[in-house]
Amino acid sequence: MNNVEKVELVLIYGECQGNERLTALTYAERYPERYHPPSNYVLRLLQGLNQEGRFPGTQINQQRRRANIFGDDEELQVLAYIRGYPRSSIRHVAREVQKILKKHKMHPYKIDLVQHLRAGDSIRRLEFIAWFNSKLYDNPLIVKFFGVMNQNSLTMEL
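Printed below as a string of structure tokens:
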């Protein structure tokens, strides 16, 4: 929320005679397209105003952002590393690297291996079967490209 929206929230709090829950509900009704803060957010906002004389989370003397110390070559190296090792953790990478990743809208991901079916798996299976049937009709030899798992020895057969 920006400061204008926070001021509107405080004014609605006054209209609601100091009721945080009613303030949150009224704000949500008046501004349906905006973020709807919970009642404890209203309480924290007012406590910050009473204790510090400003909205919580805003800094009076904000520091200027440091210039990017990396050049294009270093950025490309970091991006290539993340692409090559997608399971790497951002926590172990320096703060400047996080800025580079954010700048290029990238983030490492972790593969989620499961031993059971999830919601939506049946739809994806049916889509795969439909795709496979159309490819099999076009090229009957496509089966050679897919390995068949032998369940007795757990080896791939071609």
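Using this note's numbering, the letters of the sequence shown map in sequence onto residues 2 to 159. Beta carbons are placed, not taken as given, at the ideal position from N, Cα and C, and that holds for glycine.
Counting every other CB atom within 10 Å of its CB across the protein chains shown gives I83 a total of 16 or more, marking it as buried. Distance from the CA of W132 to the CA of S89, rounded to the nearest whole angstrom, comes to 33 Å. Boundaries of the alpha helix (DSSP H) harbouring G15: N4 to E16, taken from the DSSP string. In this structure, L80 is the residue among L127, G121, Y86 and L80 with its C-alpha nearest to the C-alpha of M107.
Inter-segment contact for the stretch 13 to 25 and the stretch 37 to 52 is present: three or more beta-carbon pairs are separated by less than 8 Å.
Across the structure, G15 and Q52 are spaced so that their CA atoms are roughly 18 Å apart.
Secondary structure at P39: coil, using DSSP grouped into helix, strand and coil. With distances taken between CA atoms, L102 lies nearest to P87 out of K145, L127 and P87.
For E30, the three-state secondary structure derived from DSSP is helix. With respect to the 7 Å criterion, K136 and I130 are not classified as neighbours on the basis of their beta carbons.
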